[in-house]
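Engineer: Chains S and W are the protein sequences, given in the same order. Residues in the first sequence are numbered consecutively from 0, following numbering that gives the first Met the number 0. Residues in the second sequence are numbered consecutively from 0, following numbering that gives the first Met the number 0.
There are 2 protein chains.
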Amino acid sequence: MIGAIEAGGTKFVCAVSDNSLNIIERVTIPTTHPEETFDSIFNFFDQYELKAIGIGSFGPINVNRQSETYGYITSTPKKLWRNIDFLGTVKRRYNIPIGWNTDVNASALGEITLGAAKGKSSCVYITVGTGIGGGAVVNQELLTGFGHPEMGHLLVPRHKKDTYKGVCDYHKDCLEGLASGPAIEERFGIRAKNLPEEHEAWEIEAHYLAHAAMAYTLILSPDCIIFGGGVMNQKHLLDLIKVKFLELLNDYVNLPPIDEYIIPTGLGSDSGIVGSLLLGKSQLK
Amino acid sequence: MIGAIEAGGTKFVCAVSDNSLNIIERVTIPTTHPEETFDSIFNFFDQYELKAIGIGSFGPINVNRQSETYGYITSTPKKLWRNIDFLGTVKRRYNIPIGWNTDVNASALGEITLGAAKGKSSCVYITVGTGIGGGAVVNQELLTGFGHPEMGHLLVPRHKKDTYKGVCDYHKDCLEGLASGPAIEERFGIRAKNLPEEHEAWEIEAHYLAHAAMAYTLILSPDCIIFGGGVMNQKHLLDLIKVKFLELLNDYVNLPPIDEYIIPTGLGSDSGIVGSLLLGKSQLK
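#1: Would you verify that the beta carbon of F11 (chain W) is, or is not, closer than 8 Å to some beta carbon of chain S?
#2: Specify the secondary structure class of A191 (chain W) as computed by DSSP and reduced to three states.
#3: How far does the beta strand (DSSP E) with S16 (chain S) in it extend, from its first residue to its last?
#4: Would you say D38 (chain S) lies against chain W (beta-carbon separation less than 8 Å)?
#5: Thinking C-beta only, is Y163 (chain W) closer than 8 Å to R186 (chain W)?
#6: Going by Cα to Cα distance, which pick from S:L194, S:E204 and S:H198 is closest to I131 (chain S)?
#7: Out of W:H206, W:F57, W:S121 and W:G58, which has the shortest C-alpha to C-alpha gap to K159 (chain W)?
#8: Starting from T101 (chain S), follow the beta strand (DSSP E) in both directions and report where the run begins and ends.
#9: Could you check the C-alpha separation between T101 (chain W) and G134 (chain W) for me, to the nearest Å?
#10: Whose Cβ in chain W lies nearer than 9 Å to the Cβ of N138 (chain S)?
#11: Taking C-beta pairs closer than 8 Å, name the residues in chain W that A214 (chain S) reaches, listed in chain order.
#12: Give me, in chain order, the residues of the same chain whose beta-carbon lies closer than 8 Å to that of E199 (chain W); leave out the 5 immediate sequence neighbours on both sides.
#13: Is P181 (chain S) close to chain W? Criterion is C-beta to C-beta, closer than 8 Å.
#14: Using 10 angstroms around the beta-carbon of N18 (chain S), count the other beta-carbons present and answer buried if the total reaches 16, otherwise exposed.
#15: Leaving out the 5 sequence neighbours to the left and right, which residues in its chain are closer than 7 Å to R92 (chain S) when beta-carbon positions are compared?
#16: What residues of chain W sit near D222 (chain S), judged by a beta carbon separation below 7 Å?
#17: From which residue to which residue does the beta strand (DSSP E) around S275 (chain W) run?
#18: Can you check whether the C-beta of N249 (chain S) is within less than 8 Å of a C-beta belonging to chain W?
#19: Counting only Cβ-Cβ distances shorter than 7 Å, please list the residues of the region 71-82 of chain S near chain W, keeping chain order.
#20: With a threshold of 8 Å between beta carbons, is L254 (chain W) in contact with chain S?
#21: Count the C-beta pairs between the region 234-249 of chain W and the region 52-68 of chain W that are closer than 8 Å, then say yes if the count reaches three, no if not.
#22: Candidates S:S16, S:F44 and S:T9: which alpha carbon is nearest T31 (chain S)'s?
#23: Indicate whether at least one CB of chain W lies closer than 8 Å to the CB of S268 (chain S).
#24: Please tell me whether I28 (chain S) and C13 (chain S) are closer than 8 Å, where the distance is taken between their beta carbons.
#25: Going by the CB atoms, is the gap between I52 (chain W) and V89 (chain W) shorter than 8 Å?
#26: With a threshold of 7 Å on Cβ separation, who are the neighbours of S56 (chain S) within its own chain once the five nearest residues in sequence on each side are excluded?
#27: So if DSSP puts T27 (chain W) in a beta bridge, which residue, or which two residues, is it bridged to?
#28: Starting from E196 (chain W), trace the alpha helix (DSSP H) both ways and give me its first and last residue.
#29: Comparing C-alpha positions only, which one of S:E67, S:F43, S:I83 and S:T68 sits nearest to E34 (chain S)?
#30: Counting along the chain, where does the alpha helix (DSSP H) carrying G176 (chain W) start and finish?
#31: For F44 (chain S), which residues from the same chain have a beta carbon less than 6 Å from its beta carbon, with the 5 sequence-adjacent residues on both sides left out?
#32: Who are the Cβ neighbours of Y47 (chain S) in its own chain at under 6 Å, not counting the five residues just before and after it?
#33: For the region 103-121 of chain S, which residues have a beta carbon sitting closer than 8 Å to at least one beta carbon of chain W?
#34: Taking all protein chains shown into account, decide if P195 (chain W) is buried (16 or more other Cβ within 10 angstroms of its Cβ) or exposed.
#35: Taking 8 Å as the CB-CB limit, is H235 (chain W) close to chain S?
#36: Answer with buried or exposed for H235 (chain S), where buried requires no fewer than 16 other C-beta atoms within 10 angstroms of its C-beta.
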């Protein structure tokens with residue numbers, strides 16, 4: 000059996016699967032104080048005999064094996080979770096192999112293995128919700144370098160009608176600061192899910208997300224870009240992003256057909272937990 | 000013996016080396032009409048018995064082996080070179096293994112194998128000159144996906160004092176449009192190499208290049224970013240970029256020390272030709 004933790008800023012999803020990734024049980028745990036949250040996680044996993052665990056965590060996290068704080072959550076805006084030894088805490092409870100990466104890298108792995116990017120050798124996964132984050136698979140490997148991508152904090156050109164100051168604690172008007180769910184809500188006074196399709200918000204939102212897709216394209220040249228997260232539940236948004244993106248690119252590089260390039264998730268809200276199971280499974284090889 | 004072609008927009012450098020990459024002879028050929036340029040290349044290589052050739056070409060080029068136009072230069076602003084079957088033309092003359100990638104990916108390969116990024120597992124190489132281009136090595140492999148990176152055409156936030164329209168044929172005010180040598184010259188009426196160190200141009204230039212470094216960092220998380228190209232011969236520029244970059248990043252992610260992260264080339268103007276020889280040599284394995 001394999002365990003998985005998808006650690007998000009508002010909730011943790013934990014799951015246990017067999018070796019073929021059939022999920023046997025899953026629970027959702029609110030993200031509160033680390034001690035309390037870990038107690039709930041351990042209560043769940045203690046019922047099973049696990050061979051490996053995969054963790055996909057919100058970030059920034061330390062993925063540098065040479066570092067003394069490898070396995071820590073680092074400079075997150077969630078103050079209670081800053082400098083928490085996530086991997087070590089789980090490792091001390093269950094002395095088994097543990098895969099460790101960001102939630103969005105896990106999602107990219109889930110989507111390229113079993114979801115919308117199945118069969119491809121590269122993809123970007125971006126989630127647009129409470130925060131914005133991105134992960135990627137390049138040459139069939141998870142994208143890590145000195146650290147991991149933080150694609151949600153890209154600095155993007157302003158929409159010419161947008162004077163909103165931005166909501167990011169670190170960069171004010173980065174992509175997350177301007178286009179995350181809380182930014183939409185603060186700017187327009189309505190939650191994204193309640194904004195009507197014809198509201199000007201969507202043209203502004205599409206501007207920022209198209210700029211993100213443009214940067215990912217020009218820097219990574221992936222086989223596809225997958226948009227997930229709560230804000231993308233407004234289904235008309237994806238088409239607006241495609242139109243803006245093609246305008247910005249102006250035919251400069253060859254791409255797959257746009258409807259195969261900028262695409263929705265194949266696993267829906269399960270990308271992260273499936274990817275985390277895959278991270279766990281990869282430790283058994 | 001290994002042959003190499005570093006194909007640039009203004010000149011081609013061709014070289015021949017032994018198997019240890021000691022360069023035996025090199026020539027520089029102006030980039031004129033393709034037929035004339037290829038004649039000069041063949042005149043040079045015909046003197047040697049080559050086992051393999053590496054080509055690092057200006058782009059965009061087609062690096063997708065599944066494509067019918069694999070090996071072509073595609074939508075380049077240099078009209079004479081648009082839709083030219085570069086790889087095929089060389090392959091028909093010398094029926095030997097040929098490595099094919101962008102000039103900047105070749106430079107990244109040169110720098111990580113024998114230059115400033117030696118021993119690292121990832122790097123970005125960016126050249127700032129007549130154009131701006133970037134290449135990368137990720138997990139010790141050249142970064143390619145559906146196509147290749149076109150990092151010079153990033154869309155970056157405007158410097159607040161800069162109203163210059165931009166020089167890029169495709170995107171007007173992308174990074175290349177605002178920060179390449181021709182953009183500096185048209186905006187200020189002086190060639191970059193003749194602009195004094197205290198000129199306001201450098202603060203504007205550093206703004207754009209720091210934004211580029213920020214995007215490469217947030218999307219790729221490389222071990223280092225290497226700045227090369229003619230504009231970087233103004234040695235004070237690199238320090239200005241570092242200062243701006245750290246301001247923008249605002250301590251959000253852990254990085255290597257800045258003087259080991261944003262760095263000059265190790266191979267100087269030889270990154271591209273050395274990388275092209277390496278592309279050739281890699282075909283012999």
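Where a beta carbon is used, it is the ideal one built from N, C-alpha and C, also for glycine.
Structural biologist: Well, looking at it:
#1: no
#2: helix
#3: K10 to S16
#4: no
#5: yes
#6: S:E204
#7: W:H206
#8: I97 to T101
#9: 8 Å
#10: V137, N138, E140, L141, L142, T143 and G144
#11: L153, L154, A214 and I218
#12: K160
#13: no
#14: exposed
#15: F41
#16: G144 and F145
#17: That residue, S275 (chain W), is in no beta strand (DSSP E); its alpha helix (DSSP H) goes S270 to S281.
#18: yes
#19: T73 and S74
#20: yes
#21: no
#22: S:T9
#23: no
#24: yes
#25: yes
#26: A6, I72, F85, T101 and D102
#27: W:V12
#28: It is not in any alpha helix (DSSP H) - E196 (chain W) carries neither H nor E in the DSSP assignment.
#29: S:I83
#30: L174 to A178
#31: G2
#32: M0 and V15
#33: S120 and S121
#34: exposed
#35: no
#36: exposed
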